[in-house]
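Below you can see the structure in the form of structure tokens.
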């Protein structure tokens, strides 16, 4: 799989965005282009389903931090769900597991 695929769907409390592929510098603008316009002024709970993510680079981390800030400023909450082990290791190594809220699955993220 090459690049980043982002599928956004609405749920009763906000949005779920399923990310698949690689998330590096070439893909860093994908969240701004495909997810942010859908959120509107009151995003609610925004869940990033990372189950299909194969690689996360520093630019991808930066894009997720930027999204978290936008969601927070709009009064919403960003949750990372179904985070693959290799991606979680990156978040833990960089201490970002303390910054992001995580959930074992999309379902548990919706009902937290």
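Residue numbers (this note's numbering): 1 to 112.
Quick reminder that beta carbons are idealized off the backbone N, C-alpha and C, glycines included.
Remark: C-beta atoms of residue 23 and residue 53 approach each other more closely than 8 angstroms.
With respect to the C-alpha of residue 3, the residue from 55, 36, 9 having the closest C-alpha is 55. Residue 75 counts as exposed, since fewer than 16 other C-beta atoms from the protein chains shown sit within 10 angstroms of its C-beta.
Around the beta carbon of residue 42, fewer than 16 other beta carbons sit within 10 angstroms, so the residue counts as exposed. Under the 8 angstroms Cβ criterion, the stretch 82-89 does not count as touching the stretch 62-72, having fewer than three qualifying pairs. With a beta-carbon spacing of about 5 angstroms, residue 20 and residue 5 fall inside the 8 angstroms limit used to define contacts.
In the three-state scheme derived from DSSP, where H, G and I count as helix and E and B as strand, residue 13 is classed as coil. In this structure, the straight-line span from the alpha carbon of residue 27 to that of residue 111 is close to 30 angstroms. DSSP places residue 51 within a strand segment (E or B) once states are collapsed to three.
Residue 31: not part of any beta strand (DSSP E); DSSP gives it neither H nor E.
Distance from the Cα of residue 69 is smallest, within the candidate group 12, 109, 58, 46, for 46.
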